[in-house]
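Numbering (this note's numbering), first residue to last: 62 to 257. In what follows, a structure is listed as structure tokens, so that the remarks can point back to it.
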């Protein structure tokens, strides 16, 4: 782990390559998994407050799920998450576009200026998972087989995980923090070239 301005960064974020390839995976992360997207308390509050603006970006199944479960739920691990339309199915806020690719309704509403917040940061940061420690945020790479096309695409384009997630990392930690991470990466590359 590399310490950087209140964060502990797994070297996998520098080493692994990743670029989402929606044509290959069809947005499977919105559909697969045993739980919804992890939410911050403030995100859950905003989703509830602006739910009426989100409804047009949802499917009938998604709206029914929210009517039955609420705009957020607590999963079996005790985490606050988005509801699923049914067990092991898509997120209530996911909707397929005209190409059949799952899209986040929250993100679409945000991009169209309908709500003042973007999709959950846990989604925006994926495949990085953040663990809150006493004095640091630990940033780790999460490997999920459905993201194999993203790993292949990232390898072809030679894009490290952290660089692919620049906007989302800057959303959480700021541009100065990200610039510092770029400097760490440059030094890390030099050290590897020298064989450490």
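Built from N, CA and C at the ideal position, the CB exists for glycine as well.
On the three-state DSSP scale, how would you describe residue 162? Note: residue 162 maps to coil in three-state DSSP.
Residue 131 and residue 154 closer than 8 Å at C-beta: no
Are the beta-carbon atoms belonging to residue 175 and residue 120 less than 8 Å from one another? It is not a contact, given that the beta carbons lie outside the stated cut-off.
Looking at C-alpha atoms only, which residue of 68, 169, 133 is the closest neighbour of residue 106? 133
Using a Cβ distance threshold of 8 Å, determine whether the region 92–111 contacts the region 164–181, with at least three qualifying pairs required. Note that the region 92–111 touches the region 164–181; at least 3 beta-carbon pairs, one per stretch, sit closer than 8 Å.
Using 8 Å as the Cβ pair cut-off and three pairs as the minimum, do the region 74–86 and the region 210–225 touch? yes
Taking the alpha helix (DSSP H) that residue 185 belongs to, which residues open and close that run? 182–185
Using CA atoms only, rank isn't needed, just tell me which of 233, 73, 115, 207 is closest to residue 170. The option with the nearest alpha carbon to residue 170 is 115.
Out of 91, 192, 242, 245, state which residue places its alpha-carbon closest to the alpha-carbon of residue 149. 91
Would you kindly report the start and end of the unbroken alpha helix (DSSP H) that includes residue 242? 236–254
Local conformation of residue 77 per DSSP, three classes: In the structure shown, the three-state DSSP call for residue 77 is coil.
Quick check on residue 226: does DSSP put it in helix, strand or coil? coil
Spatially closest choice to residue 235 from 63, 68, 192, by CA coordinates: 68
When DSSP labels each residue in this structure, what does residue 301 get in the three-state scheme? Outside the shown range of the chain (62 to 257) lies residue 301, about which nothing can therefore be said.
List the DSSP bridge partners of residue 152. Checking the DSSP bridge columns, you'll see residue 152 partnered with 145.
Put residue 199 into one of helix, strand or coil per three-state DSSP. strand
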